[in-house]
Every structure is written in structure tokens, then in C-alpha cells.
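If you want my numbering, it's the 1-based position in the sequence shown plus 276.
Cβ atoms here follow ideal geometry from the backbone N, Cα and C, with glycine treated the same way.
Since the model is a prediction, treat every value here as computed from it, not as a measurement.
Heads up, the thing below is written out as C-alpha cells.
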Amino acid sequence: MGEEAVEKMTKVPSAHFVLVHGVSHGGWCWYKVQTLLESSGHRVTSLDLKASGIDPSDADAVRSFADYNQPLLHLLSSLPNQHKVILVGHSAGGVSVTEAIHKFPEKIQATVYVGATMLKLGFQSDQDIKDVSFLSFPYV
Numbered sequence: 277m278g279e280e281a282v283e284k285m286t287k288v289p290s291a292h293f294v295l296v297h298g299v300s301h302g303g304w305c306w307y308k309v310q311t312l313l314e315s316s317g318h319r320v321t322s323l324d325l326k327a328s329g330i331d332p333s334d335a336d337a338v339r340s341f342a343d344y345n346q347p348l349l350h351l352l353s354s355l356p357n358q359h360k361v362i363l364v365g366h367s368a369g370g371v372s373v374t375e376a377i378h379k380f381p382e383k384i385q386a387t388v389y390v391g392a393t394m395l396k397l398g399f400q401s402d403q404d405i406k407d408v409s410f411l412s413f414p415y416v
């Protein structure tokens, strides 16, 4: 077998990874992972969520989770229709990844949660709903 045949057999198809940081971080926290993935031939986007990393937004002006996730959602909405990404979320970035899955399921090839928060539908868990329901009843 020639070198060319071996190279064809061992070459892994290129993927597009989108790396999502956790709270109090930015895209910078993925620099080692990004370097390794890119050196393996993959495309990598390490973005900064709103008011994080080098995003110039004022943190006090971010009033909703949807606003905080805007850079991720904008990236996914701007991708061509047939383009799929592998989302990787760390820590609270898992909640951002979950929202993206619900809004753009057709653009997600796979998701990876790295020590990340996994909630069914974003920020609100079943326990949150129970806690709020309990608090809404007047005490006797």
C-alpha cells in the first residue's frame, strides 16, 4: 500500500466545532483545545457570549439569557442551511448550548457537555417550577 492510500484511510473528515465558554470566561479559555482541533484539520469557532471575553457590551445591560446568548444564536443563524456544527459547552455554557439546540436543531451535528449544566429547556428546571409554585401560595 502506498503512502497516498494510507493517508486516505486515516484522514478524518473535517468538522466545525463551536466552543462555548462558561460564566466569567470568554472564548480565550478554549485556546489549547482550539489549537489541537485546528492542527487536526477541523474548523473551530471560539466565541465570546454577550459581555464576556472581548465582547464590549456592558454586563449590567445584559438583562436576559436570550440577550446573553445572542452571539451564539447569531452565529448559528448566519451559517448556510446545510452547514452543521458540533457544539461544545463548558459549565454554564451548557445552558447556552441547550438553547441553541432548541432554536437550530437542523444545524447541530452533535453536542458535547464538558462539566456543563444540562437542563431540558434552557435555564428553567422542573425544580425551579416547583419552587416558584410553592412560593406563590400564601402562607396560612
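| query | result |
| --- | --- |
| Nearest residue (CA-CA) to E382, options C305, V309, L348 and P356 | P356 |
| Stretch-stretch touch, CB-based, cutoff 8 Å, three pairs: the region 361-368 with the region 338-347 | no |
| Counterpart residues of Y389 in DSSP-defined beta bridges | G365 |
| Extent of the continuous alpha helix (DSSP H) to which H350 belongs | Q346 to S354 |
| Three-way DSSP call (helix, strand, coil) for Y325 in this model | Checking the displayed sequence, the identity of residue 325 turns out to be Leu instead of Tyr. Correct three-state label for L325: coil. |
| Close Cβ partners of M394 (< 8 Å) along its chain, the five nearest in sequence each way excluded | G370 and T374 |
| Environment of W306 [buried if 16+ CB atoms lie within 10 Å] | buried |
| As assigned by DSSP and simplified to three states, the class of I330 | coil |
| Distance cut-off 7 Å: V364 Cβ against heavy atoms of the ligand GDP | This structure does not include the ligand GDP; it has no bound ligands of any sort. |
| Helix, strand or coil at F293 [DSSP, three-state] | strand |
| Delimiting residues of the alpha helix (DSSP H) encompassing L313 | Y307 to S315 |
| Rounded separation between Q358 and P289 - CA only | 16 Å |
| Beta-carbon gap between F293 and I384 smaller than 8 Å | no |
| Cα-Cα separation between K326 and A392, rounded to whole angstroms | 19 Å |
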